[in-house]
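As structure tokens, the structure follows; a few thoughts come after it.
Residue numbers (my numbering): 2 to 366.
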């Protein structure tokens with residue numbers, strides 16, 4: 002029997018990438034599976050999902066705007082309209098199972114699926130569950146999580162620790178060290194830092210590095226600095242020995258392979274990759290995210306001595322000091338590397354996909 006699966010959610014890359022990874026795994030495991038995505042109009046999934054080769058339908062839905070009460074006046078009407086449209090999508094597509102990855106569009110579709118008696122699975126990427134997932138987790142058939150202790154938010158008997166789907170091509174670093182240093186035109190005999198603020202960049206990380214790159218260069222420490230497209234024009238003129246600045250890194254595998262220490266934000270997808278890479282990490286969680294979930298992600302690692310956490314408000318003052326200290330303390334670096342590797346969960350995409358296919362096998366229509 003051909004399985005029909007809907008994957009709903011999006012809004013950010015942290016939701017969209019796992020959704021596409023699960024879809025790809027479903028097609029590998031069961032090539033005749035029919036897949037449909039449901040996203041939010043105007044959000045990045047409406048571009049990224051078709052680019053990955055999948056059909057998507059958009060809902061006219063938005064999140065709560067905490068900066069202005071007036072901007073939320075139309076939200077109840079949009080929510081009702083999105084639930085009604087979700088009912089029609091379910092009626093037309095007749096899915097055997099639904100997957101919710103979080104984000105604006107996930108809520109209405111899962112509400113409609115619950116009312117229609119269609120089993121659904123939730124994939125929660127963060128150590129602090131999002132509002133949509135928390136509210137709908139109680140009726141989920143399964144909740145796939147990436148961190149321990151998630152029974153604070155979901156029924157314990159429904160939780161499955163799977164990890165987050167990762168980009169396999171980004172973490173395949175074995176045997177690439179020489180290639181990496183040739184690519185970045187750096188000296189393999191010198192200590193090297195990778196700083197990545199994601200594709201958009203991170204202002205605080207850039208400010209901290211602006212304040213300290215000369216100190217690094219003076220000590221013979223090299224830097225691969227991914228600053229983000231928005232900040233590149235103002236930073237590209239920086240000249241110092243061993244400093245390489247990029248708006249975006251096309252070859253994350255080579256950047257990871259070259260690094261002795263990695264400085265990063267604490268998004269769930271990034272952390273999943275860092276655990277597999279297994280290098281010493283300093284996490285500077287972004288404070289500008291829902292429910293401050295990046296801080297909770299970072300603390301989940303810091304409490305296991307699997308990473309060092311520096312708060313965003315202290316980064317300009319303390320980040321350089323911390324990274325130099327880590328590079329000079331081989332014992333501490335080795336311990337951090339050993340501990341973060343223990344947290345790696347591989348093949349999350351296929352593990353989750355298999356659970357989805359199990360749900361789809363259950364007759365309910």
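Just so it is clear, CB atoms sit at the ideal spot from N, CA and C, and this is done for glycine as well.
TODO: Leaving out five residues on either side along the sequence, give the residues of the same chain with a beta carbon under 8 Å from the beta carbon of residue 455.
DONE: Given a span of 2 to 366 for the chain in the structure shown, any question on residue 455 remains unanswerable.
Open item on the list: Measuring alpha carbon to alpha carbon, tell me which residue in 223, 230, 265, 238 is nearest residue 259.
Closed with: For this step, residue 259 is matched to residue 258 along the chain shown. Nearest of 223, 230, 265, 238 to residue 259, Cα basis: 223.
Open item on the list: Quick check: what's the CA-CA separation for residue 272 versus residue 209?
Closed with: Walking along the chain shown from the start, residue 272 turns up at place 271. Walking along the chain shown from the start, residue 209 turns up at place 208. Cα to Cα, the separation comes out at about 21 Å.
- [ ] Closer than 7 Å by C-beta to residue 237: which residues in its own chain qualify, once you throw out the five before and the five after it? Chain order, please.
- [x] Position 236 of the chain shown, counting from 1, holds the residue named residue 237. Counting only Cβ-Cβ distances below 7 Å, and skipping sequence neighbours, we find 246.
Open item on the list: Measuring only the C-alpha atoms, how far is residue 7 from residue 120?
Closed with: Here residue 7 corresponds to residue number 6 of the chain shown, with the count starting at 1. Here residue 120 corresponds to residue number 119 of the chain shown, with the count starting at 1. Each residue's Cα considered, the two are about 11 Å apart.
TODO: Indicate the three-state DSSP secondary structure (helix, strand or coil) for residue 147 in the structure shown.
DONE: As a first step, residue 147 is located in the chain shown; it is residue number 146 there, counting from the start. Three-state result, residue 147: coil.
TODO: Would you list, in sequence order, the uninterrupted alpha helix (DSSP H) runs of no fewer than 4 residues that lie entirely inside the segment 79-163?
DONE: 107-117, 132-137, all fully within the segment 79-163.
Task: Range of the contiguous beta strand (DSSP E) that encloses residue 59 - done: In the chain shown, the residue the question calls residue 59 occupies position 58. 57-60 is the span of the beta strand (DSSP E), which, as asked, contains residue 59.
TODO: Mark residue 46 as exposed unless 16 or more other C-beta atoms lie within 10 angstroms of its C-beta, in which case mark it buried.
DONE: As a position in the chain shown, residue 46 is number 45, starting the count at 1. Classification for residue 46: buried.
- [ ] Would you mind stating whether residue 194 and residue 324 have Cβ atoms separated by less than 8 Å?
- [x] Here the question's residue 194 lines up with position 193 in the chain shown. Here the question's residue 324 lines up with position 323 in the chain shown. Yes, the pair counts as a contact, with Cβ atoms nearer than the cut-off.
Open item on the list: Under 7 Å: does the beta carbon of residue 210 sit that close to some heavy atom of the ligand ATP?
Closed with: The ligand content of the structure shown is nil, which means the ligand ATP is not present either.
Task: Contained beta strand (DSSP E) runs [length at least 3] in the segment 217-272, N- to C-terminal order - done: Entirely contained in the segment 217-272, the beta strand (DSSP E) runs reaching 3 residues are, in chain order, 223-227, 244-247, 262-265.
Open item on the list: Looking at residue 281: is its Cβ nearer than 8 Å to the Cβ of residue 338?
Closed with: For this step, residue 281 is matched to residue 280 along the chain shown. For this step, residue 338 is matched to residue 337 along the chain shown. Result yes, Cβ atoms of residue 281 and residue 338 sit closer than 8 Å.
Task: Span of the beta strand (DSSP E) around residue 34 - done: Sequence index remark: in the chain shown, residue 34 carries index 33 (1-based). Secondary structure note for residue 34: it is in no beta strand (DSSP E), with a DSSP letter that is neither H nor E.
Task: residue 126 and residue 150 closer than 8 Å at C-beta - done: Along the chain shown, read from residue 1 onward, the residue named residue 126 stands at position 125. Along the chain shown, read from residue 1 onward, the residue named residue 150 stands at position 149. Cβ distance not < 8 Å, so residue 126 and residue 150 don't count as in contact.
- [ ] Have a look at residue 145 and residue 11 and give me their C-alpha separation to the nearest angstrom.
- [x] Counting from 1 along the chain shown, the entry for residue 145 is found at position 144. Counting from 1 along the chain shown, the entry for residue 11 is found at position 10. Roughly 17 Å separates the two Cα atoms.
Open item on the list: Count Cβ pairs between the segment 152-161 and the segment 227-234 that sit closer than 8 Å; are there 3 or more?
Closed with: no
Task: Beta-carbon proximity check, residue 106 vs residue 60, cutoff 8 Å - done: Residue numbering aside, residue 106 sits at position 105 when the chain shown is read from its first letter. Residue numbering aside, residue 60 sits at position 59 when the chain shown is read from its first letter. Yes, the Cβ-Cβ distance between residue 106 and residue 60 is below 8 Å.
Open item on the list: I'd like to know whether the C-beta atoms of residue 167 and residue 141 end up nearer to each other than 8 Å.
Closed with: As a position in the chain shown, residue 167 is number 166, starting the count at 1. As a position in the chain shown, residue 141 is number 140, starting the count at 1. Their beta carbons are not under 8 Å apart, which means residue 167 does not touch residue 141 by this criterion.
Task: Outcome for residue 186 when other beta-carbon atoms lying within 10 angstroms are tallied against a minimum of 16 - done: Counting from 1 along the chain shown, the entry for residue 186 is found at position 185. Result: exposed.
TODO: Pull up the DSSP beta-bridge partners for residue 6, would you.
DONE: Looking up residue 6 in the chain shown gives position 5. According to DSSP, which records beta bridges pairwise, residue 6 is partnered with 36, 98.
- [ ] Could you have a look at residue 301 and say whether DSSP puts it in helix, strand or coil?
- [x] Here residue 301 is taken as the residue at index 300 of the chain shown, counted from 1. Here residue 301 sits in helix by DSSP.
- [ ] Could you pull the start and end residues of the beta strand (DSSP E) that residue 347 belongs to?
- [x] As a first step, residue 347 must be located in the chain shown, where it is residue number 346. First-last for residue 347: undefined, no H or E at that position.
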